[in-house]
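Numbering that gives the first Met the number 0 puts the first residue of the sequence shown at 0, with every later residue one more than the last. Reviewing the structure listed below.
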Amino acid sequence: MVTPDNAMLIAGPLDEAPGLSHGFFTRQGGVSEGIYESLNCGVGSKDDPGKANHNRALVAEVLGVAPDKLITPYQIHSATAVVAEAPWKDEPPQADAIVTATPGLAVGILTADCAPVLFADPEAKVVAAAHAGWRGAVSGIVESTVEAMRSLGAKPENIVAAIGPAISLSVYEVGQDFKDQVLKDDPDAAPYFETDESTGEPHFDLSGYVAERCARAGLENITEIGLCTYCDEARFFSYRRSQHWGEDDYGRQIAAIVLT
């Protein structure tokens with residue numbers, strides 16, 4: 000249910016929903032260079048700000064909006080979701096999800112291993128973008144996003160959710176302390192851990208867990224794109240890969256959705 004492209008991935012259920020446009024953008028198709036090659040949309044990275052903003056303008060063009068109509072939050076690995084009716088007047092709010100019912104306002108989030116999640120209720124005409132790292136997922140970013148969508152008239156049973164590329168179970172080694180912390184906060188997360196037989200270390204299925212949190216929030220139409228950011232250097236930025244390679248920074252890909 001996913002249509003791949005050099006610069007963008009489309010989730011089938013969202014593509015089939017009327018009145019909206021979306022994309023999980025890859026690292027390809029932009030103007031940045033070096034470790035940021037090429038569609039780095041992270042204005043908070045050490046990349047040339049002009050190039051990062053140029054890349055965001057390219058994304059906005061694909062989505063059919065003006066550059067200032069593509070907004071992202073200042074992400075803090077939280078469970079905070081905000082409602083937006085217009086572009087930010089000042090600095091973006093500290094949050095990890097944006098919800099909107101405003102046509103022509105594209106809401107997006109940045110990732111580099113964490114799970115990007117795009118939501119839409121086509122009947123209520125409400126969309127959202129959420130950044131679900133393990134901290135945000137455990138603390139309830141999915142549920143906060145759905146609740147904010149409900150405040151604008153959305154119904155969980157009508158919401159379509161698509162989980163984009165993220166670090167995969169096979170390479171997401173997390174350590175016992177991580178596992179203990181997650182299970183302390185959410186014992187029901189146990190099925191999303193597996194032990195690597197060769198190292199004895201636990202691994203975590205982030206995308207699977209985010210899908211589970213979507214189901215807990217009452218969603219029935221949930222899609223996982225299932226591509227690994229760490230494993231596919233050609234298409235995706237990866238924080239963990241940058242750490243393993245000793246790089247001093249990393250690019251960020253963007254996922255965004257807009258009511259047309």
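Glycine included, each C-beta is placed from N, C-alpha and C at the ideal position.
Would you identify the three-state DSSP class for residue i, choosing helix, strand or coil?
i	result
cysteine 213	helix
valine 61	helix
glycine 236	The question names glycine, yet the displayed sequence has phenylalanine at residue 236. Coil.
valine 170	coil
valine 98	strand
glutamate 223	strand
glutamine 74	coil
alanine 111	coil
alanine 189	helix
glutamine 93	strand
serine 20	strand
Using a Cβ-Cβ cutoff of less than 7 Å, which residues in the same chain neighbour residue i once the five nearest sequence positions on both sides are dropped?
i	result
valine 64	Gly103, Ala105 and Val257
proline 12	Met0, Val159, Ala161, Asn220 and Thr222
tyrosine 171	His202, Phe203 and Leu205
glutamine 242	none
alanine 216	Val141, Glu142, Val145 and Pro155
Give the range of the beta strand (DSSP E) segment to which residue i is assigned.
i	result
histidine 202	201 to 203
proline 115	114 to 120
glutamine 252	252 to 258
Among the options, which residue has its Cα nearest to the Cα of residue i?
i	options	result
valine 58	Ala131, Leu69, Gly49 and Ser44	Leu69
glutamate 15	Leu109, Gln74 and Asp120	Asp120
serine 167	Tyr191, Ser150 and Gln175	Tyr191
serine 150	Ala83, Arg212 and Asp185	Ala83
isoleucine 140	Val116, Glu232, Gly152 and Glu122	Val116
On the premise that residue j lies in contact with residue i, defined as a C-beta separation below 8 Å, what is that separation, rounded to the nearest angstrom?
i	j	result
serine 31	asparagine 52	Their Cβ separation, rounded to whole angstroms, is 11 Å, which puts serine 31 and asparagine 52 out of contact at 8 Å.
tyrosine 208	alanine 136	6 Å
alanine 114	phenylalanine 236	Contact flag wrong, Cβ pair sits at about 14 Å.
alanine 147	valine 181	Going by Cβ atoms, the distance from alanine 147 to valine 181 rounds to 24 Å, so no, they are not a contact pair.
alanine 6	glycine 107	Not confirmed; about 14 Å, so no contact.
glycine 49	leucine 38	So it is not a contact: roughly 14 Å between Cβ atoms.
glycine 18	lysine 124	6 Å
aspartate 95	histidine 76	7 Å
Name the two residues that bound the continuous alpha helix (DSSP H) containing residue i.
i	result
isoleucine 140	140 to 150
valine 181	175 to 184
glycine 43	Run containing glycine 43: none; DSSP gives neither H nor E here.
glutamate 15	11 to 15
Can you find the residues in the same chain that come closer than 6 Å, C-beta to C-beta, to residue i, ignoring five residues on each side of it along the sequence?
i	result
proline 92	Pro72 and Val81
leucine 218	Pro155, Ile158 and Ala160
Take residue i and list the residues in its own chain whose beta-carbon comes closer than 8 Å to its own, dropping the five residues that flank it on each side.
i	result
glutamate 246	Ile34
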